[in-house]
Amino acid sequence: MSSFDLLVKNGTLTTSKSRNLFDIGIKDGKIVEIGTITGDAKRVIDASGLNILPGLIDTQVHFREPGPTHKEDLESGSRAAALGGICTFFEMPNTSPTTTTVEKINDKVELAKSKSHTNFGFYIGGSENNLEELLKAEDLEGCCGVKIFLGSSTGDLLLYKREVLIEIFKKIKMPIAVHSESEPRLLDRISIRDNAKSVHAHYEWRDAQTALESTKMIIEVAKEAGRKVHILHVSTKDEMDYLAKNKEHCTVEATPQHLTLIAPDAYDQLGAFAQMNPPIRTAEHKEGIWEGLMNGTVDVLGSDHAPHTIEEKERAYPRSPSGMPGVQTIFPIMLKHMNEGRITLEKIIELLSETPAKLYSLNKGRLEVGADADLTIVDLDKVWTIENEDQASKCGWTPFAGTEVKGKPTATIVMGQVAMLNDEVFEIKPSPIKRG
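As C-alpha cells, then:
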C-alpha cells in the first residue's frame, strides 16, 4: 500500500513567514508529512523550481447559478478559479432566485458537489424577513456567512433599515459581509445616472460619499451589536482612513480592480467593461487602498468576479450591467504588482490564503501537518500574457487582456486532488467548506 495519495517533491514551501525546500506528503485530503520524504505514493508531482503556497481562497465571487447561467455557472466559474490557482471560492447570494434560505444553500451545495473543480462555500443573503433562516444557517456545512447589500447592485437583494440590521448583527454569530453603498444617497442622486451621456457618470453617481456614509453607518451598527462586520471591495481612500481608526469593529476586503485600474483612464479605454459597483475611482483612491493594504487595514483580497456577456457590456450606459470577471486573474495581477515592487509574495499569501482561512475558521491556509491539503503551485519565473481567449468564464473577456505577467499558477491541488496542472483542468470530488 502506498504511503501517500499524492507526494509533491522538491518545491519551495512558501508562507507569509518562511520559505523552505521540502516535500509534502498527502493522504485522505490532509497534509500528513512535511520534510525530505522517501515513502512511495500513488502520484508524484515534481515541483522543482516552483513555489508551493497554502491554497488560495477567493472570498467573493458571483458564479450566477441557478441563474442567470448564460453569464456563468458553477462549472465554468470554478474552472476559471482552478486555472487561476484558487482552491476555494465563496459565492454570493444575489442569484436568480436569491439565496436567502437554508434550502437554497443546500441546493447550491448539491449542485457544486457535482460540478465544481474546487472547494466551495456559499453566502446566505440577509433580507428584511429571513432572520430565522439566517439562524438555521449558522452551522450549516457549505455556508460561509451572511451577505447584506446596503445599496442596490446586481440582483434583488437590498437591506438598509437600521433596526433590522441591528437585530441581525446582535443575533447572528457567523461572519457578516456587506456591500457598502448608501441606498438613500444613490436614490437622491439617480438623475446623474439617468441623464448620463457616458459611463464616466457611473463614479460620479456612486461617489465616494455614497460609500463612506454607508460604511460609517454599518460600523455604528457593528459597535452597537458588539461584533465585527466584513466590509467588501472598499473603493475609497475616505473609507480606508475611517476603517483604519475602527479596526476593532471590522475586517476589510480590497479587490485587484481597485488596486490596478483608475478613472477616468479605465472608462476611456474600456468603456462599460470597466463598470462595477462600487466603481473604479481616481488615482487618489487607488493609492488610498494601497496604503490601507500595506498598513494592515486590509485583511483579505477578493476578486468580486461578476461576469456579464460582451453583448450586455456593450449596451449604452446606464443599460450596461455592473461587474467584471476576476477569479482567474486575481493571483496573476497581484503577482504583477509584486514584480513592480508594490507587494511581496508573503503579503499576497497572507491576504489570499492565511487570513481568509482564519476569518472564516477553516482548516486551510497553512502548510502544516493536519491541515487540509489545498496547495497552489506557482512558477514565479514564467512570463506570459493574459488574453481574452484563455478565460474559462462564460463571459469570455477580462479587463486585463493584453497584460504581461511574470509568475503563473501551474497546479491547483484541492484536498489532495489535482484540479489543475499546466493549464489543464480535471474533475475532482470537491468539498463544501466547514467552519469551526
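The sequence shown runs 1482 to 1917 under my numbering. Cβ atoms here follow ideal geometry from the backbone N, Cα and C, with glycine treated the same way. Here the structure is a predicted model, which means the values were calculated and not measured.
Going by beta-carbon coordinates alone, are His1766 and Ala1706 separated by less than 9 angstroms?
no
Determine contact between the segment 1864-1880 and the segment 1840-1854, defined as no fewer than three beta-carbon pairs at a distance below 8 angstroms.
no
Going by CA-CA distance only, name the one from Ala1593, Glu1591 and Glu1584 that's closest to Ile1605.
Glu1584
Alpha helix (DSSP H) containing Val1583: first to last residue?
Val1583 to Lys1596
Mind checking who Tyr1604 pairs with in its DSSP beta bridge?
Gly1626
Once you ignore the five residues that flank Glu1619 on each side, which residues in its own chain have a CB closer than 8 angstroms to its CB?
Ile1653, Lys1654 and Met1655
Need the endpoints of the alpha helix (DSSP H) that Phe1544 sits in, please.
Careful: Phe1544 lies outside any alpha helix (DSSP H) and carries neither H nor E.
Could you spell out the range, first to last residue, of the alpha helix (DSSP H) harbouring Gly1492?
Careful: Gly1492 lies outside any alpha helix (DSSP H), inside the beta strand (DSSP E) at Phe1485 to Thr1495.
Taking only runs that begin and end inside the segment 1717-1775, name each unbroken alpha helix (DSSP H) of 4 or more residues, in chain order.
1718-1725, 1737-1741, 1746-1751 and 1764-1775
Residue ranges of each alpha helix (DSSP H) within the segment 1781-1823, 4 or longer:
1791-1794 and 1811-1820
Less than 8 angstroms between the CB atoms is what I'm expecting for Ala1854 and Ile1512, so what's the real figure, rounded?
5 angstroms
Contact belief for Thr1581 with Asn1611 at Cβ below 8 angstroms, rounded distance in angstroms
5 angstroms
Drop a sphere of 10 angstroms on the beta-carbon of Met1757, count the other beta-carbons inside from all chains shown, and report buried for 16 or more, exposed for fewer.
buried
So, using beta-carbon positions, are Cys1568 and Gly1520 closer together than 9 angstroms?
no
Rounded separation between Glu1662 and Lys1839 - CA only
26 angstroms
For Val1702, which option in Lys1817, Val1659, Ala1725 and Val1715 has the closest C-alpha, if you only look at C-alpha atoms?
Val1659
By Cβ distance below 6 angstroms, which residues in the same chain neighbour Thr1884 in space, the five residues on each side in sequence not counted?
Ile1867
N-terminal and C-terminal residue of the alpha helix (DSSP H) that Phe1650 is part of:
Arg1643 to Lys1652
What are the boundary residues of the beta strand (DSSP E) that Glu1514 is part of?
Lys1511 to Gly1516
Cutoff 6 angstroms; reference His1711; Cβ partners in own chain excluding five residues on either side
Pro1656, Ala1658 and Thr1732
Spatially closest choice to Ser1874 from Ala1735, Met1805 and Met1901, by CA coordinates
Met1805
Inter-residue Cα distance where the pair is Lys1704 and Gly1626
19 angstroms
Asp1780 burial status per 10 Å Cβ neighbour count (16 or more: buried)
buried
Where the beta strand (DSSP E) through Val1886 begins and ends
Glu1885 to Val1895
Please state whether DSSP places Pro1837 in a helix, a strand or coil.
helix
Whether or not the segment 1721-1732 and the segment 1788-1805 are in contact is what I'm after, with contact meaning three or more pairs of Cβ atoms, one per stretch, closer than 8 angstroms; do they touch?
no
Considering Cα atoms alone, identify which of Leu1631, Asn1676, Gly1506 and Leu1774 is closest to Lys1490.
Gly1506
What do you reckon, are the CB atoms on Gln1898 and Lys1910 nearer than 9 angstroms?
yes
Give a yes or no on whether the C-beta atoms belonging to Leu1774 and Ala1747 are separated by under 9 angstroms.
no
For Pro1759, tell me which candidate among Thr1810, Gln1809, Glu1685 and Thr1790 has the shortest Cα-Cα distance.
Glu1685
Ser1529 classed as buried or exposed, judged by whether at least 16 other C-beta atoms fall within 10 angstroms:
exposed
List the residues that DSSP assigns as beta-bridge partners of Ile1507.
Leu1487 and Ile1512
Cβ separation of Ile1518 and Leu1488, assumed to be a contact under 8 angstroms, to the nearest whole Å
6 angstroms
How would you label Lys1642, buried or exposed, when you count the other beta carbons within 10 angstroms and need 16 or more for buried?
exposed
Three-state secondary structure (DSSP) at Trp1865?
strand
Taking a contact to mean a Cβ-Cβ separation below 9 angstroms, would you say Ser1597 touches Glu1622 in this structure?
no
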